[in-house]
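Q:
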Amino acid sequence: MLAHRQSVARIINDPGADDTLRTRLRQAQAARVFASDQLALPRNRSYTTYVDLHRTSVTWNVFAAPEFSVEPIEHCFPFAGCVAYLGFFDRARADDAAAAIRAKGNDVAVEGAAAYSTLGWFADPILSSMLRWDDDELDGVIFHELAHQRLYIQDDTAFNESFATFVQQEGLRQWRVSRGEEVTGSHADGFDRAVTELALELRERLRGIYSRSLPPDDMRAQKASGVAAFRLRFYALRDGRWAGDTRYERWVAGRVNNASLVPFGLYDRWTSAFSAIFERAGHRWAPFYDDVTALSHLPRMQRDCTLISLSIQTRSSDVPSTDCPDQDPGGGATLSH
0 MLAHRQSVAR IINDPGADDT LRTRLRQAQA ARVFASDQLA LPRNRSYTTY
50 VDLHRTSVTW NVFAAPEFSV EPIEHCFPFA GCVAYLGFFD RARADDAAAA
100 IRAKGNDVAV EGAAAYSTLG WFADPILSSM LRWDDDELDG VIFHELAHQR
150 LYIQDDTAFN ESFATFVQQE GLRQWRVSRG EEVTGSHADG FDRAVTELAL
200 ELRERLRGIY SRSLPPDDMR AQKASGVAAF RLRFYALRDG RWAGDTRYER
250 WVAGRVNNAS LVPFGLYDRW TSAFSAIFER AGHRWAPFYD DVTALSHLPR
300 MQRDCTLISL SIQTRSSDVP STDCPDQDPG GGATLSH
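Residue numbers (numbering that gives the first Met the number 0): 0 to 336.
1) Let me see if you follow: with CB-CB separation under 9 Å, is Met0 close to chain C or not?
2) By DSSP's criteria, Leu85 is part of a beta bridge. Which residues make up the other side?
3) Using DSSP bridges, identify the partner residues of Ser6.
4) Using a Cβ-Cβ cut-off of 7 Å (strictly less than) and excluding sequence neighbours within five positions of Lys222, which residues of its own chain qualify?
5) Can you list, in chain order, the residues of its chain with a C-beta nearer than 6 Å to that of Ala122? Leave out the 5 residues immediately preceding and following it.
6) Since Ser161 and Phe273 should fall inside the 8 Å C-beta cutoff, what is the C-beta to C-beta distance between them, to a whole number of angstroms?
7) Applying the 10 Å Cβ sphere with the 16-neighbour rule, what's the burial state of Gly338?
8) How many angstroms separate the CA atom of Thr156 from the CA atom of Cys81?
9) Would Val61 pass as a contact of Ile125 if the rule is Cβ separation under 9 Å?
10) Does the region 93-110 come within contact of the region 63-77, defined as at least 3 CB pairs closer than 8 Å?
11) Taking 8 Å as the limit between beta carbons, can you name the residues of its chain near Arg21, skipping five residues before and five after?
12) Compute the Euclidean distance between the alpha carbons of Arg101 and Tyr266, then round it to the nearest angstrom.
13) Smallest Cα separation from Ala91: which of Cys75, Val109, Ala79, Tyr84?
14) Which two residues bound the contiguous beta strand (DSSP E) that contains His74?
15) Between the Cα of Leu38 and those of Ser310, Tyr288, Ile311, spot the shortest distance and give me the residue it belongs to.
16) Taking the alpha helix (DSSP H) that Gly111 belongs to, which residues open and close that run?
17) Whose C-alpha, out of Leu52, Arg202, Ile311, Thr292, is nearest the C-alpha of Gly225?
18) Look up Leu126 in the DSSP assignment and give the residues it is bridged to.
19) Could you give the distance in angstroms between the alpha-carbon of Leu236 and the alpha-carbon of Thr245?
20) Which first and last residues belong to the alpha helix (DSSP H) in which His147 is found?
21) So is His143 buried or exposed if we call it buried at 16+ other beta carbons inside 10 Å?
22) Thinking just about the alpha-carbon of each residue, which of Leu137, Asp94, Gly111 is nearest to the one in Val57?
23) Helix, strand or coil for Gly170 per DSSP?
24) Suppose the cutoff is 8 Å on Cβ atoms and the five residues either side in sequence are ignored; what does the same chain contact list for His147 look like?
25) Here's the rule I'm using: 16 or more other beta-carbon atoms within 10 Å means buried, otherwise exposed. How should Met129 be labelled?
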């Protein structure tokens, strides 16, 4: 992948290059400049090159969770620490790994990924797989991946992904404002949020079922009932306000289980908390990053409790229960602005 990088500037200035590709890359480069100039994200060579992969996914991620738990099975590596998935550049290897994990009685899901990040170790390119998205999603993912380069901590996937997702969402909002575009979100954004909310509600319903220590057959029956109810609610959405949007149909019709819900719990769990931190920082990126960095240095339990407290203030629907001591509701000892 790195060996086949081409300069984006060279492609844009090449009259013989595909016009659609040149237009998409020109827009992406404008967003890349905006990321550093306005969002205080790293200014480096990442996303200034392009690679044609000749396939729709760059990696395939294997998510796994026990049969009666919504918490992901983690895997630990040098540098990246412990993460909630295994990634493979080859689909067959991903399927083999999934089969081995499933054979142990776990729930498993295999999801193709269009983007890939080395967390700043190398100059990550724009990939052809990323161009299957529209311009907003492509630009937002560049913000997301650069946020990982700005701050990444070991052994806390939910923190890392929620932080990067918030930067992506707020960064995209500001990017739209800078171009005089609508900032309330597109029709597709609304459907994404609605499906995410349904998935998080199912995840919490399953968490409640598993916490009751019921006989295994009873938990399986209630789990199946919860998934069936989720599907009915999804089809009601699909046939109502978002009629014609088919993006999630294959996923919903497939194997919805604890593992397939893991990405929703990781990428969205703390976004409302990071929104509260951004609000306290006066919507300024530098103090926001300072506060998030200070939060990242706290012991895991204290960090999670602060995030829970901030999420409760914003009435997040996916606030996991935990035993947290009484504390300043805003995590005042952590947030300095």
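Glycine included, every Cβ here is placed at the ideal spot set by N, Cα and C. A quick note: this is a predicted structure, and the numbers were derived from the prediction, not measured.
A: On the basis of the coordinates in this document:
1) Included in the structure is just one protein chain, with no chain C present.
2) Answer by DSSP bridge pairing, in chain order: Val61.
3) Its beta-bridge partners are Thr48.
4) Leu205, Ile208.
5) Arg44, Ser45.
6) The pair is a contact, with the Cβ atoms about 6 Å apart (cut-off 8 Å).
7) Since the displayed the chain opens at 0 and closes at 336, residue 338 lies outside it and no answer follows.
8) Using only the alpha carbons, I get a separation of about 8 Å.
9) The answer is no: Cβ separation not under 9 Å.
10) Counting Cβ pairs under 8 Å, three or more are found: they touch.
11) Ile10, Ile11, Asp13, listed in sequence order.
12) Taking the straight line joining both Cα atoms gives about 23 Å.
13) Out of Cys75, Val109, Ala79, Tyr84, Val109 has the C-alpha closest to the C-alpha of Ala91.
14) Here the beta strand (DSSP E) through His74 covers 74-76.
15) Taking the Cα of Leu38 as reference, the smallest distance to any Cα among Ser310, Tyr288, Ile311 is reached at Tyr288.
16) First-last for Gly111: 106-112, but that is the beta strand (DSSP E), not the alpha helix (DSSP H).
17) Nearest to Gly225 by alpha-carbon distance, out of Leu52, Arg202, Ile311, Thr292, is Arg202.
18) DSSP output for Leu126 lists Val50 as bridge partner(s).
19) Roughly 11 Å between the two C-alpha positions.
20) According to the DSSP assignment, His147 belongs to the alpha helix (DSSP H) that extends over 134-149.
21) Per the 10 Å Cβ criterion, buried.
22) Selected option, being the one with the closest Cα: Gly111.
23) It is helical.
24) Ser116, Leu118, Gly119, Asn159, Ala163.
25) By the neighbour-count rule (16 or more Cβ atoms within 10 Å), Met129 is buried.
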